[in-house]
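Number of protein chains: 2
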Amino acid sequence: MRAVMQPEPMGLHQILDRCETLFADRPVTVGGGAAGPTTTTYGALFAEARAFAGALAELGLRPGDRVATFAPNTREHLLAYIAVPGSGSVLHTVNIRLGSEEIAYTVEHAGDRVVLVDAALWPEWSAVTLPTCVEHVIVYGDIDELPERHGGAVVTRFADSIAGPAREGRWYRPADENEASGICYTSGTTGWPKAVVYSHRSVYLHALTLCGADTFAISEHDVVCPVVPMFHANSWNLPYASLLAGASLVLPAHRTDPAGLVECFAAGGVTFSAAVPTVWANLVAAARAGDVDPTALDSVQRVVIGGSAASETLLSELAELGIEPVHAWGMTECSPVGLIANPPADGSTAVTEETKSSQGRPMPGLELRAVEGDMPAPWDGTSIGELQISGPYVVADYYGAESGSTADKFADSEERRWLRTGDVVTVDRRGYVRLVDRTKDLVKSGGEWISSVTLENHLLAHPAVREVAVIAVPDPTWDERPLAIVAARGVDAARLRDFLADRVPRWQVPDRFEFVAEVPKTSVGKLDKKRLRTEYA
Amino acid sequence: MRAVMQPEPMGLHQILDRCETLFADRPVTVGGGAAGPTTTTYGALFAEARAFAGALAELGLRPGDRVATFAPNTREHLLAYIAVPGSGSVLHTVNIRLGSEEIAYTVEHAGDRVVLVDAALWPEWSAVTLPTCVEHVIVYGDIDELPERHGGAVVTRFADSIAGPAREGRWYRPADENEASGICYTSGTTGWPKAVVYSHRSVYLHALTLCGADTFAISEHDVVCPVVPMFHANSWNLPYASLLAGASLVLPAHRTDPAGLVECFAAGGVTFSAAVPTVWANLVAAARAGDVDPTALDSVQRVVIGGSAASETLLSELAELGIEPVHAWGMTECSPVGLIANPPADGSTAVTEETKSSQGRPMPGLELRAVEGDMPAPWDGTSIGELQISGPYVVADYYGAESGSTADKFADSEERRWLRTGDVVTVDRRGYVRLVDRTKDLVKSGGEWISSVTLENHLLAHPAVREVAVIAVPDPTWDERPLAIVAARGVDAARLRDFLADRVPRWQVPDRFEFVAEVPKTSVGKLDKKRLRTEYA
């Protein structure tokens with residue numbers, strides 16, 4: 002029996018039309034300028050987005066065509082978030098931290114016809130050998146000289162490009178909600194980046210879910226500062242969730258250092274923010290050292306920490322500043338937020354503390370399981386297995402992947418496709434997931450598993466340790482042993498070994514410690530264990 | 002360009018599986034018993050629902066088959082909300098306030114194979130001439146004697162029906178999210194009731210939207226008491242939203258009188274409730290008169306008022322009790338909540354007050370317009386037009402309606418279908434809708450429109466007036482004039498006329514007042530203006 006509900010597609014139009022008509026007065030604050038943060042309104046911003054959409058139409062862009070950005074979290078980047086899918090085109094947010102060859106690869110793979118580039122990134126961008134699909138490069142921001150051409154593409158200034166007629170009427174309404182609205186490439190540790198293509202349906206559904214009272218609770222009353230880059234998994238979908246809710250947005254541009262953030266937070270009265278652990282650790286350290294004024298954080302109610310696991314130390318340091326830390330887990334492939342560590346309603350204080358430091362429970366709409374040897378592990382808080390996720394805003398495959406090349410990324414069962422996350426986890430009886438390790442990073446010593454993440458978290462709790470990565474190194478007796486690469490001051494291996502021995506079984510304590518000035522990271526700021534394994538093998 | 006997201010359907014399975022696995026410990030409290038409210042858990046409730054689902058399977062029910070309920074807000078009714086769509090069958094919640102002939106009509110029209118009946122309603126139910134489609138009548142609750150048959154149907158006690166094997170595994174996952182999950186009949190003022198068929202998609206999407214921080218913000222931390230009947234537009238979808246969020250539910254059964262409600266509120270620690278204005282007006286009156294203990298309302302944070310427009314008096318009386326009133330507007334055809342009167346984030350106190358008493362802004366996903374003479378009226382707060390609504394959880398048509406018979410309920414434009422609500426409204430520049438009147442209830446006096454709702458609201462603000470309905474009556478000079486039918490004590494027409502004359506233009510003041518003990522209401526508790534027009538024509 003079929004229902005007789007309207008076949009109305011879910012899509013970006015429901016977000017954009019809503020924000021433009023209901024929330025025109027809400028402020029948007031943008032940092033990064035020489036004169037400090039400036040404030041505009043959604044009304045003014047949407048007028049600009051209509052001018053940009055008009056420019057794209059003048060260039061002959063049609064629904065389904067790809068438009069790329071090469072930019073930090075700026076006003077013009079937000080204009081592209083509105084104008085590109087709002088015109089039916091597909092927004093490819095190029096990761097500015099990729100190498101030139103990888104950038105060229107993703108631009109060609111996506112088939113981008115137009116690219117919007119931040120002038121401050123012109124040196125990096127102009128080093129890219131542009132593929133022939135790119136017809137126009139539009140540059141915004143301060144720059145004295147620009148060439149007329151970049152490869153085969155015409156180079157234009159943003160201000161000149163938007164001089165023509167603006168788009169009129171409602172924003173683009175997809176005929177089919179499964180039409181693409183955006184592309185993000187995952188920076189895998191092997192091979193070329195892989196393309197995740199979001200649909201109007203998945204973006205709307207995920208943004209709506211982020212507005213839930215028990216997820217991120219994004220509200221019209223919030224002032225949201227996405228520190229996580231807009232070129233990284235849609236800035237965790239916070240821009241679209243904020244537009245849907247009518248939350249005020251604060252964009253820090255390139256100023257994600259503690260001083261820059263504090264300036265933006267104070268200027269906009271930020272209530273909600275989101276970033277990787279390093280950003281928060283730096284901000285906490287700066288506030289404690291008196292390098293930034295901690296009262297500038299007074300308006301901040303809650304911050305999301307994701308991208309990699311946060312230590313309990315960091316969670317409690319944020320709480321001491323009067324900020325509620327919300328631990329979350331995600332992947333570009335999950336739109337991207339998949340788990341949120343909100344505590345259960347009727348838990349004890351101990352349960353609340355424990356669950357807040359876990360990776361969390363699944364977002365509404367998602368199913369999860371931990372699989373060990375093809376069998377789902379019981380939800381007992383101790384059995385381990387690979388975390389697998391399924392749901393309407395999880396990828397079924399990578400776009401344009403060669404047939405069969407991504408088969409090891411998925412598992413199928415009962416008409417359902419599961420994304421293999423590569424994370425080894427436990428799940429407790431309430432559904433809270435706890436990260437044990439990456440499948441690749443577990444250390445198998447004498448037939449027993451050692452979690453590199455557990456060792457890292459314990460070491461990070463030592464006051465002298467700033468950064469740490471634990472990797473497996475080959476061992477003739479035990480097959481593998483853990484090696485700790487540490488950035489620290491005033492501590493030696495013997496002391497760290499003693500420190501760990503009080504906290505983990507003695508056989509798990511690394512024999513070897515290497516002290517470095519900084520632990521190398523990937524283009525998205527995660528520990529680069531692939532490189533470390535090669536260096537220390 | 003198509004995205005490569007999973008084609009995972011949205012549906013009740015995402016709500017039911019989620020609640021059962023994540024929220025098994027959360028309490029559910031049920032009132033109406035002789036010994037007062039009792040408390041169980043979702044874990045226990047889902048075990049019972051699996052027994053009921055097993056019973057339905059034993060009876061040969063297959064996906065798409067219809068199962069009806071004839072019950073107030075009881076535990077068994079909630080079991081049907083879980084077990085019926087959770088087995089792929091379609092839940093028809095029969096309106097117990099319809100007449101016997103209308104009940105028989107809806108049961109036959111839906112093709113119900115099984116009906117679950119509350120024993121307390123056996124007298125009303127057994128008076129129905131059962132259509133032949135009904136094979137089984139299952140009765141729960143205290144009743145001494147039951148016949149073996151009702152019409153052609155076998156009569157069974159609920160406890161006996163669930164003795165067989167329980168359903169195992171996950172709940173039913175629809176192959177197509179547009180499959181029907183439930184049917185509600187609208188009690189129109191003309192003709193037979195019309196069937197609104199909800200889909201897995203529409204119910205999930207609407208429930209997810211109700212969990213939004215800026216809609217009803219239904220949270221795991223809430224204790225939700227749906228006073229609005231579960232046989233009326235899915236109890237405004239609060240049961241499914243609560244299951245999705247893991248909110249504790251409190252079901253008052255037939256005890257929707259002030260004493261019964263207060264008992265349930267206190268027993269469950271209710272934080273959130275929802276009902277029509279009359280329920281809240283009675284509760285406020287009882288609390289003020291000392292008939293109920295007002296401290297029993299201490300846990301209540303916010304209540305939704307919908308079904309018909311609430312007076313500003315009622316809104317402020319609830320606020321005085323420390324309860325935040327949330328004014329909402331809906332229709333069975335909109336799943337059912339369409340508008341919510343949450344104030345804007347940056348409004349002044351005056352704007353906040355004004356918007357809170359409006360019908361509200363559209364829920365995420367919905368579009369609205371006010372149409373006057375085929376043209377959308379401007380959003381200026383004064384131009385009037387018929388409210389029309391469009392969106393993925395709004396009906397495209399009525400189920401099983403004869404071709405063309407419902408054409409006047411819809412308007413089409415730009416590939417979009419609009420539901421004609423029959424409400425005349427203004428829309429202000431922020432999108433807040435204010436009800437002027439029902440299209441049928443506007444009074445056209447000397448070529449000028451008089452809003453019956455405005456007159457009613459002013460009269461309700463008079464301390465002596467308990468209930469009032471204003472209707473148009475024919476007039477030889479002015480075509481139509483307003484007539485006020487009033488339930489009041491210690492006031493006469495002259496005083497009410499003076500009272501109104503201070504508040505509305507003098508020509509709008511009714512010439513005629515009729516005093517009655519009670520204003521007649523429809524089966525869903527709304528003023529029965531159709532009957533009044535016949536009586537006073």
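Just so you know, the protein sequences line up as chains C and E, in that order.
Per my numbering, the very first residue in the first sequence carries number 2; after that it's consecutive.
Per my numbering, the very first residue in the second sequence carries number 2; after that it's consecutive.
We put the beta carbon where it would ideally sit given N, CA and C, even for glycine.
For clarity, every value in this text was computed on a predicted model and none was experimentally measured.
{"Query": "I'd like to know whether the C-beta of Val5/C is nearer than 8 Å to at least one C-beta of chain E.", "Result": "yes"}
{"Query": "Buried or exposed for Thr30/C, please, with buried defined as at least 16 other CB atoms from any protein chain shown within 10 angstroms of its CB.", "Result": "buried"}
{"Query": "With a threshold of 8 Å between beta carbons, is Cys1/C in contact with chain E?", "Result": "The structure shown does not extend to residue 1/C, since chain C is modelled only from 2 through 538, so no value can be given for it."}
{"Query": "Do Ala342/C and His328/C have their C-beta atoms closer together than 8 Å?", "Result": "yes"}
{"Query": "Check the Cβ of Ser220/E against every Cβ in chain C and list those closer than 7 Å, keeping chain order.", "Result": "Ala214 and Asp215"}
{"Query": "Which two residues bound the contiguous beta strand (DSSP E) that contains Val262/C?", "Result": "The sequence as given places Leu at residue 262/C; Val does not occur at that position. Here Leu262/C belongs to no beta strand (DSSP E); instead the alpha helix (DSSP H) covers Pro259 to Gly269."}
{"Query": "CB Leu460/C to CB Val466/C, shorter than 8 Å?", "Result": "yes"}
{"Query": "Report all residues from its chain with a CB closer than 7 Å to the CB of Val129/E; omit the five preceding and five following residues, and keep chain order.", "Result": "Ser101, Ile104 and Ala105"}
{"Query": "I'd like to know if the region 197-212 of chain E and the region 119-136 of chain E are in contact, where contact means that at least 3 CB-CB pairs between them fall below 8 Å.", "Result": "no"}
{"Query": "Using a Cβ cut-off of 7 Å, pull out every chain E residue sitting near Pro326/C, in sequence order please.", "Result": "None at all; the shortest Cβ gap to chain E is about 18 Å."}
{"Query": "Rank Val372/C, Val5/C, Asp18/C and Asp442/C by C-alpha distance to the C-alpha of Thr427/C and give the top, closest one.", "Result": "Val372/C"}
{"Query": "Taking a contact to mean a Cβ-Cβ separation below 8 Å, would you say Val517/E touches Ile486/E in this structure?", "Result": "yes"}
{"Query": "Quickly, what does DSSP pair Ile139/E with across the bridge? List them, please.", "Result": "Leu117/E and Thr157/E"}
{"Query": "Between the alpha carbons of Pro540/C and Ala111/C, how many angstroms are there, rounded?", "Result": "There is simply no residue 540/C to check, as chain C begins at 2 and stops at 538 in what is shown."}
{"Query": "Let me know the secondary structure DSSP gives Thr130/E once reduced to three states.", "Result": "coil"}
{"Query": "Quick one: give me the first and last residue of the beta strand (DSSP E) that Cys185/C is part of.", "Result": "Ala181 to Thr187"}
{"Query": "Beta-carbon within less than 8 Å of Ala563/C's beta-carbon, same chain only, minus the 5 sequence neighbours each way: which residues are those?", "Result": "A question about residue 563/C goes unanswered here, because the residues of chain C that appear run from 2 up to 538."}
{"Query": "Where does the unbroken alpha helix (DSSP H) through Thr353/C begin, and where does it stop?", "Result": "Thr350 to Lys357"}
{"Query": "Kindly say whether Tyr400/E, judged by its beta-carbon, lies nearer than 8 Å to any beta-carbon of chain C.", "Result": "yes"}
{"Query": "Ends of the alpha helix (DSSP H) at Ala54/E?", "Result": "Tyr43 to Glu59"}
{"Query": "Please state the DSSP three-state secondary structure of Lys531/C.", "Result": "helix"}
{"Query": "Put His233/C into one of helix, strand or coil per three-state DSSP.", "Result": "coil"}
{"Query": "Which runs of the beta strand (DSSP E) fall wholly inside the region 312-336 of chain E and span at least 3 residues, in chain order?", "Result": "325-331"}
{"Query": "Say whether chain C places a C-beta atom closer than 8 Å to the C-beta of Glu77/E.", "Result": "no"}
{"Query": "If we ignore side chains and look at the alpha-carbon of each, how far apart do Val263/E and Thr296/E end up?", "Result": "9 Å"}
{"Query": "Go to Pro484/E, then tell me how far its beta strand (DSSP E) extends in each direction, as first and last residue.", "Result": "Pro is not the amino acid found at residue 484/E; the sequence shown has Leu there. Run containing Leu484/E: Asp480 to Ala489, per the beta strand (DSSP E) assignment."}
{"Query": "Using the beta-carbon of each residue, which ones in chain A are nearer than 8 Å to Tyr199/E?", "Result": "Chain labels in this structure do not include chain A; the protein chains are C and E."}
{"Query": "To the nearest angstrom, how far is it from the Cα of Glu1/C to the Cα of Arg496/C?", "Result": "An answer regarding residue 1/C cannot be provided, because it is not within the stretch 2 to 538 covered by chain C."}
{"Query": "Could you tell me the alpha carbon to alpha carbon distance between Glu9/E and Arg63/C, rounded to whole angstroms?", "Result": "28 Å"}
{"Query": "If I measure Cβ to Cβ from Ile163/E and keep anything under 8 Å in the same chain, skipping five residues before and after, which residues do I get?", "Result": "Glu49, Ala52, Phe53, Gly55 and Ala56"}
{"Query": "Val396/E touches chain C at which residues, Cβ-Cβ below 8 Å?", "Result": "Val5, Met6 and Gln7"}
{"Query": "Rounded to the nearest angstrom, what separates Asp258/C and Lys357/E at their Cα positions?", "Result": "41 Å"}
{"Query": "Where do the ends of the beta strand (DSSP E) carrying Thr70/C lie?", "Result": "Arg67 to Phe71"}
{"Query": "Who are the near neighbours of Ala268/C in its chain, counting only those whose CB is closer than 6 Å to its CB and skipping five residues on each side?", "Result": "Thr30 and Pro38"}
{"Query": "Which one of Ile390/E, Leu17/E, Pro511/E and Ile139/E has the shortest CA to CA distance from Tyr205/E?", "Result": "Leu17/E"}
{"Query": "Which same chain residues, not among the five before or five after His93/E, have their C-beta less than 6 Å away from its C-beta?", "Result": "Arg67, Ala69, Ala111, Asp113 and Ile184"}
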